[in-house]
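The numbering used here puts the sequence shown at residues 3 to 286.
Every residue, glycine too, gets a C-beta built ideally from N, C-alpha and C.
First up is the structure itself, then whatever we jot down about it.
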Amino acid sequence: MAALIDGKAIAAKVREQAKEKAAQCAAAGRAPALAVILVGEDPASAVYVKNKAKACEACGVRSLEYRLPADTTERQVLELIADLNADDTVDGILCQLPLPGHIRETAVVNAIVPEKDVDGFHPVNVGRLHLGEDCFVPCTPAGVIRLLEETGVDLCGKRAVVIGRSNIVGKPVASLLTAKNATVTLCHSRTENLPAVTREADVVVVAVGKKHFLTADMVRPGAVVIDVGIHRDETGKLSGDADFDALLPVVSAITPVPGGVGPMTIAMLMENTVKACRAHLRLG
Ligand code: GUN
C-alpha cells in the first residue's frame, strides 16, 4: 500500500523549527520581519497574503502588509520596495504575484535586493541556485525537496522526471534534484511521448496546472509522485495535477491534494525569512 506524504505534518515541523530560530533572533536583537506587498484585489492572492500573515504570527515573525489599490503605478511599487530595501528592520520582501497588467513583474522582482528576496525570484538567487551556491530557494520547490527528504526518498542516482518548466516551480525543482544527484529529465508541453519518459522515473514531480494530468498508466509501479497542482471544482472539492485515486495503488508514495505540497510553501517562506534575519543579524 502506498504511503501518503503528509505535507501538513511536515509543514508543521518546518514552522516549529522556524519558530525556534525566530526566537533566537528575537533574543539576539529583534524578531524577523517580512514585508508582503499586495497590489489589487485578486481573491486568491488575498487568501495567500492572509495565510502568510497567520503563519508569521504563529512563528514569531513580524508581518508588515502593504495592500495597494489596483491602479497603483509601477513607480509607486518600486518606490515602496526601495524604502523596504533600505529599512534595516525588514528582513524579507515579497510582492504577491500576479501583478496587474500595467506593472512589469520583472521590474518588481529585480528591484528587491537579493538579500531580502525570500521568494528566491531575483536573477541573482536564480543564478546562485543553478550554480549550487547558498541562496534563497523558491518556496514551493524547496517544499518539494523537503517532502522527499522527510519521506526518506534517496535521490542519488535515481531517475527523476519533472513535468512543467515554469520559472517558479519546474526549472528550480529540476535544478535542486540535480544538486541531489538525481538524473533529471525536465518535460513540458512539447515533450514527445511523455508517458514513455515518465514511466522511466523513480520520482515524478508534476507541475502543469492541469487537473488529473498524470494518470496511472504514466508511472512505473513503486514510483514516488509529488503533485504541485491545485484545482477547485464547482463543488469546492480540491484536486491536483495527478489522478490521485488511480495512482494510489500503483505508487510507493504520493502527496495528497490538499495536504501535500500546498502547506509547505508558506512553511518554507517562514524558513527563508528566518534565514534572511539570521544573516542580517550576523547569527551565522
Ligand atoms: N503567487 C503564487 N505563488 C507565489 C509565490 O510563491 N510568491 C509570490 N510572490 N507570489 C506568488
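In angstroms with no decimal places, state the Cα-to-Cα distance between V263 and L80.
Taking the first residue of the sequence shown as 1, we reach residue 263 at position 261. Taking the first residue of the sequence shown as 1, we reach residue 80 at position 78. The alpha-carbon atoms of V263 and L80 are separated by roughly 31 Å.
For the beta strand (DSSP E) containing V186, list its first residue and its last residue.
On the sequence shown, position 184 is the one that residue 186 refers to. It spans T185 to C189 - the beta strand (DSSP E) in which V186 sits, taken as one unbroken run.
Check: D121 C-beta below 8 Å from any heavy atom of ligand 1
Taking the sequence shown and counting its residues from 1, the one referred to as residue 121 is at position 119. Yes, the Cβ of D121 comes within 8 Å of a heavy atom of ligand 1.
Nearest residue (CA-CA) to G129, options L285, N112 and S241
Stepping through the sequence shown from its first residue, residue 129 is reached at position 127. With distances taken between Cα atoms, G129 lies closest to N112.
If you reduce the DSSP assignment to three classes, tell me which class L179 lands in.
Here residue 179 is taken as the residue at index 177 of the sequence shown, counted from 1. In the structure shown, L179 sits in a helix (DSSP, three-state: H, G or I).
Looking only at DSSP bridge pairs, what is L66 linked to?
For this step, residue 66 is matched to residue 64 along the sequence shown. Answer is A37, bridged to L66.
Mind checking D229: buried by the 16 CB within 10 Å criterion, or exposed?
Here residue 229 refers to the residue found at position 227 of the sequence shown. The residue is buried, with at least 16 neighbouring Cβ atoms inside 10 Å.
For L70, which residues from the same chain have a beta carbon less than 8 Å from its beta carbon, with the 5 sequence-adjacent residues on both sides left out?
Here residue 70 is taken as the residue at index 68 of the sequence shown, counted from 1. Answer for L70: I39, L40, V41, G42, Q78, V79 and L82, listed in chain order.
Of the residues V155, I95, I114 and V208, which one's Cα is nearest the Cα of I232?
Start at 1 with the first residue of the sequence shown, and residue 232 comes out as number 230. The shortest C-alpha separation from I232 is found at V208.
Considering R161, what are the terminal residues of the beta strand (DSSP E) in which it resides?
One-based indexing of the sequence shown puts residue 161 at position 159. First-last of the beta strand (DSSP E) with R161: R161 to I165.
Taking the Cβ atom as the reference point for each residue, do L283 and C61 lie within a distance shorter than 9 Å?
Taking the first residue of the sequence shown as position 1, residue 283 is located at position 281. Taking the first residue of the sequence shown as position 1, residue 61 is located at position 59. No, the Cβ-Cβ distance between L283 and C61 is not below 9 Å.
Leaving aside the five residues before and after A248 along the sequence, list all residues of the same chain whose C-beta is less than 6 Å from its C-beta, in chain order.
Sequence index remark: in the sequence shown, residue 248 carries index 246 (1-based). So the list reads A218, once near-sequence residues are dropped.
List the endpoints of the continuous beta strand (DSSP E) containing V139.
To locate residue 139, count along the sequence shown from 1; it is residue 137. Premise fails: V139 is in no beta strand (DSSP E) and is neither H nor E.
Determine, using beta carbons only, whether R161 and L188 come nearer to each other than 9 Å.
Taking the first residue of the sequence shown as position 1, residue 161 is located at position 159. Taking the first residue of the sequence shown as position 1, residue 188 is located at position 186. No, Cβ-Cβ distance for R161 and L188 is not below 9 Å.
Below 8 Å, can you find three or more Cβ-Cβ pairs linking the stretch 196-205 to the stretch 151-165?
yes
Take R17 and list the residues in its own chain whose beta-carbon comes closer than 7 Å to its own, dropping the five residues that flank it on each side.
Sequence index remark: in the sequence shown, residue 17 carries index 15 (1-based). The residues are A57, A60, C61, A269 and M272.
Quick check on the DSSP output: the beta strand (DSSP E) that includes L196 runs from which residue to which?
On the sequence shown, residue 196 is found 194 positions in, with the first residue counted as 1. Careful: L196 lies outside any beta strand (DSSP E), inside the alpha helix (DSSP H) at L196 to T200.
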